[in-house]
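Protein chains in written order, with the working numbering: chain A, 1 to 110; chain B, 1001 to 1123. Encoded as structure tokens, the structure appears first; notes follow it.
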Amino acid sequence: QSALTQPASVSGSPGQSITISCTGTSSDVGGYNYVSWFQQHPGKAPKLMIYDVGERPSGVPDRFSGSKSGNTASLTISGLQAEDEADYYCCSYAGTYTWVFGGGTKLTVL
Amino acid sequence: EVQLLESGGGLVQPGGSLRLSCAASGFTFSSYATSWVRQAPGKGLEWVSVISGTGGSTYYADSVKGRFTISRDNSKNALYLQVNSLRAEDTAVYYCAKAGSTGWSKGNAFDIWGQGTMVTVSS
């Protein structure tokens, strides 16, 4: 149950697009189409942004999109806005009803 | 409105125990698997444990297996986490989270989260 690998930080200017990667193994990310992404603002609970690799819950802007290739999943945020500044975590099903999270990525909107 | 509200955290000495609770409202609690996820201060998220909607199946992260016990009382719309033999590394905010659909919902296991309850293990 090793944590998935995410970049520690990414940044972008308002209106730009950024992508956060999430690398695992064939036992988690690569083995299942069960990747989700969470946004967490300081002092707040995480919020689901993407599930099942690329599905958006109702209420999440379509600026947020998810994808996967092999053992790496990605979250893309287009048209960056100031309120997107937060920590982002990926999560993958890892078999036998266990889940593993990434270490988190701090997004800075310049 | 779907809500989850954790309680029961606090300061406990190493080797001590606590019982965390999570009160659910706004949905048919017994239909959804529910998990505990924790976050150490300044650190990332760590999945801890999950329980099926009926309570008949439970699973744990290796880091807590044998020390933590997840349970639920569907008549009270409540989820619990009994945490024993606590260590300093168990210090964290503990969140409960429900699955996004009925059944196990492997790809959407953490749809709605509570606000968390802080557990501090220190002498």
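Glycine is no exception: its CB is placed at the ideal position from the N, C-alpha and C atoms.
Are the beta-carbon atoms of residue i and residue j separated by less than 9 Å?
i	j	result
Tyr1059/B	Arg1019/B	no
Val29/A	Leu48/A	no
Ala45/A	Trp1113/B	yes
Gly102/A	Tyr89/A	yes
Gln1013/B	Val1119/B	no
Gly95/A	Tyr32/A	yes
Ser13/A	Leu75/A	no
Pro57/A	Gly1103/B	no
Between residue i and chain B, is the shortest Cβ-Cβ distance under 9 Å, so that the two count as touching?
i	result
Ser36/A	yes
Glu85/A	no
Val53/A	yes
Thr98/A	yes
Pro7/A	no
Asn33/A	yes
Lys68/A	no
List the endpoints of the continuous beta strand (DSSP E) containing residue i.
i	result
Glu1006/B	Gln1003 to Ser1007
Phe1110/B	Element bounds for Phe1110/B: n/a, residue is neither H nor E.
Thr1117/B	Thr1117 to Val1121
Thr19/A	Ile18 to Thr23
Asp1062/B	Where Asp1062/B is concerned, there is no enclosing beta strand (DSSP E), given that its DSSP letter is neither H nor E.
Gly1010/B	Gly1010 to Val1012
Ser13/A	It is not in any beta strand (DSSP E) - Ser13/A carries neither H nor E in the DSSP assignment.
Please tell me whether residue i has its Cβ less than 9 Å away from any Cβ of chain A.
i	result
Glu1089/B	no
Gly1100/B	yes
Trp1036/B	no
Val1002/B	no
Val1050/B	yes
Could you tell me if residue i is buried or exposed, where buried requires 16 or more neighbouring beta carbons within 10 angstroms of its beta carbon?
i	result
Ala1097/B	buried
Glu1046/B	buried
Glu941/B	Since the first residue shown for chain B is 1001 and the last is 1123, residue 941/B is missing from the structure and cannot be characterised.
Ser1049/B	buried
Thr108/A	exposed
Val1002/B	exposed
Thr1028/B	exposed
Ala1033/B	buried
Leaving out five residues before and five after residue i in sequence, what residues of the same chain have Cβ atoms less than 8 Å from its Cβ?
i	result
Cys91/A	Leu4, Val35, Ser36, Trp37, Phe38, Trp99, Val100, Phe101 and Gly102
For residue i, which residues of its own chain have a beta-carbon under 6 Å away from its beta-carbon, when the five flanking residues on both sides are left out?
i	result
Gln1039/B	Leu1045, Ala1092 and Val1093
Gly1055/B	Arg1072
Cys22/A	Leu4, Gln6, Ala73, Cys90 and Gly102
So, at 7 Å on beta carbons, what are the nonlocal neighbours of residue i in its own chain, with the 5 sequence-adjacent residues on each side left out?
i	result
Gly54/A	Ser65, Gly66 and Ser67
Gln16/A	Leu80
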